[in-house]
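2 protein chains.
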Amino acid sequence: MPLQFADRLNNVETSAIRELFKLLGKPGIISFAGGFPDSAMFDVDGIREASNAALSQDPGAALQYGATEGFGPLREQLAHFMAQKGAKEVSADQLIVTTGSQQALDLIGKTMISPGDKVIVEGPTFLATIQCFRLYGAELISAPVDGHGVKTDELEKLIAEHKPKFVYLIPTFGNPSGALLSAERRKKVLEMAVKHQTLILEDDPYGDLYFGEAPPPSLLAMSASVPGSRELLVHCGSLSKVLSPGLRVGWMIAPAELLARATMCKQFSDAHTSTFAQATAAQYLLAGRMPATLDKVRAVYAKRAQTMGDALRRELGDAVEFVQPQGGLFVWARLTGAGGKVNDGNVFAKRAIDNGVAFVPGTPFFCANPDHATFRLSFATVGEDKILEGVSRLAKAL
Amino acid sequence: MPLQFADRLNNVETSAIRELFKLLGKPGIISFAGGFPDSAMFDVDGIREASNAALSQDPGAALQYGATEGFGPLREQLAHFMAQKGAKEVSADQLIVTTGSQQALDLIGKTMISPGDKVIVEGPTFLATIQCFRLYGAELISAPVDGHGVKTDELEKLIAEHKPKFVYLIPTFGNPSGALLSAERRKKVLEMAVKHQTLILEDDPYGDLYFGEAPPPSLLAMSASVPGSRELLVHCGSLSKVLSPGLRVGWMIAPAELLARATMCKQFSDAHTSTFAQATAAQYLLAGRMPATLDKVRAVYAKRAQTMGDALRRELGDAVEFVQPQGGLFVWARLTGAGGKVNDGNVFAKRAIDNGVAFVPGTPFFCANPDHATFRLSFATVGEDKILEGVSRLAKAL
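Protein chains in written order, with my numbering: chain G, 1036 to 1433; chain S, 1036 to 1433.
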């Protein structure tokens, strides 16, 4: 008998990216494909000290089952971390710890989405969000973005038309767009949340990775100035991009009623996030090492972003267009077709692999109406020499 | 606007146990309620050494994103661990690492259950399994158990009648039943899987915790002798009960097609299990410390089980009946009402709290037709002095 799988699996396809990632093992390939931080940036000594402190001070707690909501001392530290980032009114009991922010997305899906519900996401948006929400039966609506993030006028029209269960946004250095939503548009998003009584989900894994001035306050921080908006806002954070993805420590701040139900769903998803990892993260934050770690990664990634941007302009010229990123991990670029050059991201990606450089074409990041000319480059995972060599290979592939 | 949650939440109720657990903070309470190992048993030094080894040998791998399937060296170690337990034909690529075995249950639910699908579970069974599968819309059917585990004749009738998506069993020292499925019944389960082409899910977190002779082989180990059964078997294991729940390291062995789909579901659930915890677990197993750790916990829990059993027989006499556990963490008992004593587990639980001792009444462990006279006692989490004092309090409450 062939196994009968759940109907929900029919809503997702095997990722085209997975196939691409298999090619990354080819010797000599320079990869701009991964959406992850550089392992060389990890503060291994700091994490070792934190882990040993956790096992010395309260080994029973660090190794035992813990509350589904999260390890108390970590929730306190994360509330403090959020306050330093401008969200001053978040108490420890207003957040739960999740197994990476991917799990926060999963819990929102499980808690909120009935099959057929509509959800608005940016076009383009994080690939795993699309698949995660579709597994719960969501019908995704794509809201257009430009260099300043989601176009709020268009978004409001879509909200009015579709009355979505919620709107999912990555306002700060979005994946893959790299875009930074302007302060003005942020305010508009919060106002339309209140006006249309629509739940907004702010995913913010990259907000700490700014290269110059700090970005505008998060929607969460800004919600204090838009009455009624805080009760319509979910905020997801993560240590993955700034400290270590391997810890799998993320968190979710949400209205109390939603948080309680998401906690119940988490109880039956994985009981709780690794207390060993949580106690380690708590000790790390308590030790006060995060500011120096952030300074370091910001400086390194800023230089790599500049190197990549300069090289792209110099070597690919008017065949590509992109907004120079002010933070995050990604350059989101578009093939213009100028000079009769290739203008399809998928074709370009295949040629690039043949030339020894990998990246992700843009189409999978759209839940509808993909822009076939787009592609995503990560500047975070390789050093400047390889960035220069990789961009040269891109120029050849073009 | 009140938030509109997903319809699936209507299928679960807030756990009655949660309310009870709130009372556990009362000073002086002796708790037989928790289903967790004793923190004092944790091999803290061994885990610290393992964690430091993981961070010394390959810190990049231990702290970076990892494959959704699991950390390679851990998968190898777990395959070896399974071989030592008699499942000799499990290769590393036939298992995936899960965030505790709770996540394996969640992934099976996500992968297999469409709303309205029938699933057979033991009556009684693990509470979080009931809730987990109901969140995916399963209709649960209860198969009766006795002191030797699920009654296979009744189970086969239920399979024939309901044609379930799968059958969920905890064959070895089940939670809450403590029962050990006999070798003869194990064989029957595998044969009926083949005969009715029904998927069997074997949850085995307690199999290593035997007190005397080793239990019969797991369904997985036994499947080698029942042609066709291996392709219809999912096996879930966990380090939580034997090493540390806080690591959140479990695993799932399943037919290839199912495992691939569960892996996809995991990708969008939490991307992967903490590589930091996985690398630590891998180093722990590699260091060869597990056999001594198992010897230690078996000896301690065996003594506690004997102490509790003897005290119950001595102090509660014919007012309760139970099978003396041969492993695991639990005594599953039944109030007989002899001598006009209380015969309702919920009433007894409330009186017990008033007398300073806590346990879980049996009714929540049934998905249908609860036996109100039952209750579950954990003997694992407190020492023998407290077990004796706690049982005295139970006698008073009775």
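Note that CB positions come from ideal geometry on N, CA and C, so glycine has one too.
Quick one: what's got a C-beta closer than 6 Å to residue i's C-beta in the same chain, skipping five residues either side?
| i | result |
| --- | --- |
| Gly1263 of chain G | Val1229 |
| Gly1105 of chain G | Ile1131 and Val1132 |
| Thr1342 of chain G | Glu1419 and Ile1422 |
| His1231 of chain G | Ile1194 |
| Ala1089 of chain S | Ala1097, Ala1314, Thr1315 and Gln1318 |
| Ala1432 of chain S | Arg1386, Ala1387 and Asn1390 |
Kindly give me the distance between the Cβ atoms of residue i and residue j, rounded to whole angstroms, as I take these residues to be in contact under 8 Å.
| i | j | result |
| --- | --- | --- |
| Ile1148 of chain S | Val1154 of chain S | 7 Å |
| Pro1211 of chain G | Phe1365 of chain G | 6 Å |
| Ala1393 of chain G | Ile1064 of chain G | 6 Å |
| Asp1073 of chain S | Ala1415 of chain S | 6 Å |
| Val1410 of chain G | Pro1396 of chain G | Looking at the sequence provided, one finds Phe at residue 1410 of chain G rather than Val. At roughly 5 Å, the Cβ-Cβ gap stays under 8 Å, so Phe1410 of chain G and Pro1396 of chain G are in contact. |
| Leu1216 of chain S | Gly1184 of chain S | 3 Å |
| Glu1237 of chain S | Leu1274 of chain S | Between Leu1274 of chain S and Glu1237 of chain S the Cβ distance is about 17 Å, and since that is not below 8 Å, they are no contact. |
| Lys1145 of chain S | Cys1300 of chain S | 4 Å |
| Ser1253 of chain S | Gly1135 of chain S | Contact doesn't hold; Cβ gap of about 19 Å is too wide. |
| Gly1182 of chain S | Val1358 of chain S | 4 Å |
| Asp1152 of chain G | Glu1174 of chain G | 7 Å |
Does any residue of chain G have a CB that is nearer than 9 Å to the CB of residue i?
| i | result |
| --- | --- |
| Asn1378 of chain S | no |
| Met1147 of chain S | yes |
| Ser1304 of chain S | yes |
| Pro1326 of chain S | no |
| Pro1396 of chain S | no |
| Tyr1100 of chain S | yes |
| Ser1264 of chain S | no |
| Ile1082 of chain S | yes |
| Phe1311 of chain S | yes |
| Ser1275 of chain S | yes |
| Phe1357 of chain S | no |
| Val1047 of chain S | yes |
| Asn1087 of chain S | yes |
| Val1079 of chain S | yes |
| Cys1167 of chain S | yes |
| Pro1072 of chain S | yes |
So, does the CB of residue i fall closer than 9 Å to a CB anywhere in chain S?
| i | result |
| --- | --- |
| Leu1320 of chain G | no |
| Ala1331 of chain G | Strictly speaking, residue 1331 of chain G in this sequence is Lys, with Ala absent from that position. False, the Cβ-Cβ gap to chain S never drops below 9 Å. |
| Pro1290 of chain G | yes |
| Thr1160 of chain G | no |
| Leu1236 of chain G | no |
| Arg1339 of chain G | no |
| Arg1349 of chain G | no |
| His1270 of chain G | no |
| His1307 of chain G | yes |
Give me the DSSP bridge partner(s) of residue i.
| i | result |
| --- | --- |
| Cys1271 of chain G | G:Asp1238 and G:Met1287 |
| Val1156 of chain G | G:Ser1177 and G:Tyr1203 |
| Glu1226 of chain G | Answer is none; Glu1226 of chain G lacks a bridge partner. |
| Ala1393 of chain S | S:Ser1066 |
| Phe1410 of chain S | S:Ala1368 and S:Pro1396 |
| Ile1148 of chain G | According to DSSP, Ile1148 of chain G bridges with nothing at all. |
| Leu1471 of chain S | Outside the shown range of chain S (1036 to 1433) lies residue 1471 of chain S, about which nothing can therefore be said. |
| Val1355 of chain G | G:Leu1370 |
| Ile1131 of chain S | S:Met1287 |
Tell me which same chain residues have a C-beta within less than 7 Å of the C-beta of residue i, skipping the five on either side of it?
| i | result |
| --- | --- |
| Gly1247 of chain S | Gln1361 |
| Pro1150 of chain S | Gly1172 |
| Tyr1245 of chain S | Arg1333, Gln1361 and Gly1362 |
Classify residue i as buried or exposed, calling it buried when 16 or more other Cβ atoms lie within 10 Å of its own Cβ.
| i | result |
| --- | --- |
| Arg1043 of chain S | buried |
| Ser1086 of chain G | buried |
| Ala1387 of chain G | buried |
| Lys1200 of chain S | buried |
| Asp1389 of chain G | exposed |
| Gly1209 of chain S | buried |
| Gly1380 of chain S | buried |
| Gln1039 of chain S | exposed |
| Ala1256 of chain G | buried |
| Ser1279 of chain G | buried |
| Pro1037 of chain S | exposed |
| Arg1110 of chain S | buried |
In chain order, what residues of the same chain lie with their CB nearer than 8 Å to the CB of residue i, ignoring the 5 residues before and after it?
| i | result |
| --- | --- |
| Thr1371 of chain S | Asp1353, Ala1354, Val1355, Glu1356, Asn1378 and Ala1408 |
| Tyr1100 of chain G | Ala1306, His1307 and Thr1310 |
| Lys1338 of chain S | Glu1419 |
| Gln1137 of chain S | Ala1163, Cys1167 and Gly1285 |
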